[in-house]
Amino acid sequence: MKEELKAIERILVDIKSISKEELNNMLKSLFTKISNHIDNYIGDYPTFIEPVYLEGNVEIGDDVLLGPNVYIGANVKIGDYVELSNTIIFDDVILGNNLKLENCIIAPNSHLNFENFKCNSTILSGKADSEKNLTKLSF
Amino acid sequence: MIDKHIIFFGWRIIIFTLKFIYSTYQFELIMPNNNEEEISRIKELESINLSSDEIRDSVVYTKKQVEKENELLASKINLDLKNNQIKSFDIVGAIGAGKTEIISQIVDKVQKKYRTLVICGDITTRVDADRIEAHNAETVQINTGRECALNAYHIHQIIKNKDLQNYDLLFIENVGNLICPSDFILGTDKRIVVVSTTEGEWVIEKHPMLFKMSDIAVINKIDLKERLGTDIEKMIADAKKLNPKIEVVTTSAKTGTNIEKLISIMGL
Ligand SMILES: Nc1nc2c(ncn2[C@@H]2O[C@H](COP(=O)(O)OP(=O)(O)O)[C@@H](O)[C@H]2O)c(=O)[nH]1
Ligand SMILES: [Mg+2]
């Protein structure tokens, strides 16, 4: 799993080096390798559909649904009513309330400091107080 | 404690409904028969009375919408399963009635004939999934956290990510209790409700909804019948009275009594 994640993280730096199809395939192959690791979160009993892998110091809000096929890096803060499936979140990310992300990649250090946003098959990055100010690249 | 639970569950329904509030499309419901009408009337009673007059109408509306969304998704699930010739069962029942043990026994006996996927619902842990996996079935655990039943959305999220051609049989072990699972059908061909002799002979008459909505009732742990003095005939009569169409089978998942019979009633 770690190797696949590293490869995807490297691609984020030079995203044009890869086709959409290749990226989708990389994600698919990562999802088959995600093992379930969910006992270490900070928060109040979210819903998990396995597999979900949580690194250390992940804070989860109320009424959150994670999975299937979710990887969450270290020091990530997830707001209330968030729903993630087929999605990878790299380290040090903040997600606001009521975000629904499906088949997305959130780059390291991204801050999605806003609420009520839905997104499919997109790479999201940047520190933004509004959805419009986020860097988005759909795939 | 119970009051707190009811209030809490009321809020859960409202919160759950918000996830679907943007949906605008309507669809025709099949004309309900008397039993279905009764079930929907009972459903409307709960949780609505917690809403103040100002929000009452929108709560009623949203709740109905969510119920429709669940039914719509359940029909989609059923179609997907049927298109892939997968037989499917939703197994409900109280904590400790023997759902996991019964599934394990069945999986053991049919594993040469069917490639089986078992989805296990529990508020936390993957204890049951691990127990079933030891009998050579693929499992997926859903931890519902604070929700007391699985819903069609959970199941759809799993099956849309699976290649359904790899399976012939699907079991869903619902979260253990005899109340909440009646709110959400999951799109399986059949629902099996499991109770056991240790729950006392009144358990069926006290939980009519799930018996009305199930196809098969299993009265488990009959190996303990003598010791406990449970009136099994009353339990069978209660189930039949609530739902004349229900098939009732008494089993012991411990000794294996009537597990083969259950398998044949299930049409496996
Ligand atoms: N004596 C007896 N014990 C049983 C029977 N079926 C299950 N059990 C035991 O009852 C406990 C709860 O069973 P389990 O399958 O986990 O129940 P679940 O919560 O409905 O899934 C376990 O210790 C089982 O071994 C049975 O038919 N007879
Ligand atoms: Mg169980």
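The listed protein sequences correspond, in order, to chains U and F. Numbering-wise (my numbering), the first sequence opens with residue 2 and increments by one. Numbering-wise (my numbering), the second sequence opens with residue 11 and increments by one. Ideal Cβ placement from N, Cα and C applies to all residues, glycine included.
Could you say which of the options lies nearest to residue i if we only look at CA atoms?
i	options	result
ILE95 (chain U)	U:LEU85, U:LYS101, U:ALA108, U:LEU113	U:LEU113
THR110 (chain F)	F:ILE87, F:ASN94, F:ALA147, F:ASP225	F:ALA147
GLN115 (chain F)	F:GLY197, F:ASN59, F:CYS158, F:GLU143	F:GLU143
CYS158 (chain F)	F:GLY108, F:ILE242, F:GLY186	F:GLY186
LYS122 (chain F)	F:GLY106, F:ILE112, F:ARG66, F:HIS145	F:HIS145
ILE226 (chain F)	F:LYS235, F:TRP212, F:PRO218, F:VAL203	F:VAL203
CYS190 (chain F)	F:GLY103, F:LYS86, F:ALA107	F:GLY103
THR33 (chain U)	U:LYS137, U:ASN87, U:LYS119	U:ASN87
GLY97 (chain U)	U:VAL65, U:VAL71, U:PRO69	U:VAL65
ASP93 (chain U)	U:GLY62, U:PRO109, U:ILE124	U:PRO109
ASN37 (chain U)	U:LEU100, U:ASN76, U:LEU67	U:LEU67
GLU51 (chain U)	U:ASP63, U:ILE35, U:ASP45, U:GLY62	U:ILE35
THR198 (chain F)	F:ASP118, F:LYS73, F:LYS255, F:LEU127	F:LEU127
VAL213 (chain F)	F:ILE256, F:ILE242, F:ALA84	F:ILE242
LYS29 (chain U)	U:MET2, U:ARG11, U:ILE107	U:MET2
ILE79 (chain U)	U:LYS7, U:LEU31, U:LYS101, U:GLY62	U:GLY62
THR149 (chain F)	F:CYS130, F:LYS78, F:ALA84, F:TYR71	F:CYS130
ASP90 (chain F)	F:LYS271, F:THR135, F:LYS216, F:ILE169	F:ILE169
PRO47 (chain U)	F:THR135, F:ILE65, F:SER192, F:LEU83	F:THR135
LYS279 (chain F)	F:LEU278, F:GLY266, F:GLU64, F:PRO218	The shown model of chain F, from 11 to 278, leaves out residue 279 (chain F), and the question about it has no answer.
Taking 7 Å as the line, does the beta carbon of residue i fall inside it for any heavy atom of ligand 1?
i	result
VAL204 (chain F)	yes
ILE105 (chain F)	yes
LEU234 (chain F)	yes
ASN153 (chain F)	no
SER224 (chain F)	no
ASN230 (chain F)	yes
ALA263 (chain F)	yes
GLY186 (chain F)	yes
Between residue i and residue j, what straight-line distance do the alpha-carbon atoms span, to the nearest angstrom?
i	j	result
ASN171 (chain F)	THR240 (chain F)	44 Å
ASN80 (chain F)	HIS164 (chain F)	10 Å
SER262 (chain F)	ILE232 (chain F)	5 Å
SER61 (chain F)	VAL69 (chain F)	7 Å
MET276 (chain F)	PHE194 (chain F)	21 Å
SER98 (chain F)	LEU238 (chain F)	33 Å
ILE152 (chain F)	ASP140 (chain F)	13 Å
ILE39 (chain U)	VAL53 (chain U)	7 Å
LEU252 (chain F)	SER206 (chain F)	18 Å
ASN58 (chain U)	GLN167 (chain F)	26 Å
VAL258 (chain F)	VAL137 (chain F)	28 Å
ILE113 (chain F)	ASN41 (chain U)	30 Å
LYS200 (chain F)	SER224 (chain F)	7 Å
ILE43 (chain U)	SER122 (chain U)	27 Å
ASP248 (chain F)	ASN88 (chain F)	29 Å
ASN99 (chain U)	THR260 (chain F)	46 Å
CYS105 (chain U)	LEU125 (chain U)	7 Å
ASN59 (chain F)	VAL76 (chain F)	17 Å
ASN26 (chain U)	ILE9 (chain U)	11 Å
ASN268 (chain F)	ILE229 (chain F)	11 Å
LYS119 (chain U)	TYR82 (chain U)	12 Å
ILE105 (chain F)	GLU4 (chain U)	41 Å
HIS85 (chain U)	SER274 (chain F)	Checking the sequence shown, residue 85 (chain U) turns out to be Leu, not His. So the alpha carbons of these two residues sit roughly 40 Å apart.
LYS17 (chain U)	VAL117 (chain F)	48 Å
LYS264 (chain F)	THR208 (chain F)	14 Å
PHE69 (chain U)	GLU236 (chain F)	The amino acid at residue 69 (chain U) is misidentified as Phe; the sequence shows Pro. The straight-line gap from Cα to Cα measures roughly 45 Å.
ALA75 (chain U)	LYS271 (chain F)	51 Å
ILE19 (chain U)	ASN184 (chain F)	42 Å
GLY127 (chain U)	GLU23 (chain U)	23 Å
MET41 (chain F)	LYS222 (chain F)	Reliability fails at MET41 (chain F), whose pLDDT of 41 lies under 50, so the model's placement of it is uncertain and the value that follows must be treated cautiously. So the two alpha carbons sit approximately 18 Å from each other.
LYS74 (chain F)	ASP67 (chain F)	11 Å
ASP45 (chain U)	ARG156 (chain F)	9 Å
Return the Cβ separation of residue i and residue j in integer angstroms, given the expectation that the two are a contact with Cβ distance under 8 Å.
i	j	result
ILE96 (chain F)	LEU220 (chain F)	ILE96 (chain F) to LEU220 (chain F), Cβ: 23 Å. No contact.
GLU60 (chain U)	ILE73 (chain U)	Not a contact, Cβ separation roughly 10 Å.
PHE115 (chain U)	GLU103 (chain U)	That belief does not hold up - the Cβ atoms of PHE115 (chain U) and GLU103 (chain U) are roughly 18 Å apart, past 8 Å.
LEU160 (chain F)	ILE182 (chain F)	7 Å
ALA162 (chain F)	LEU196 (chain F)	6 Å
LYS244 (chain F)	GLU211 (chain F)	5 Å
ASP178 (chain F)	ARG125 (chain F)	5 Å
ALA129 (chain U)	LEU135 (chain U)	4 Å
What in chain A is Cβ-close to residue i, meaning under 7 Å?
i	result
ASN70 (chain U)	Of the protein chains in this structure, namely U and F, none is chain A.
**Neighbouring residues (CB closer than 5 Å to any heavy atom of ligand 2)** = F:LYS109, F:THR110, F:ASP138
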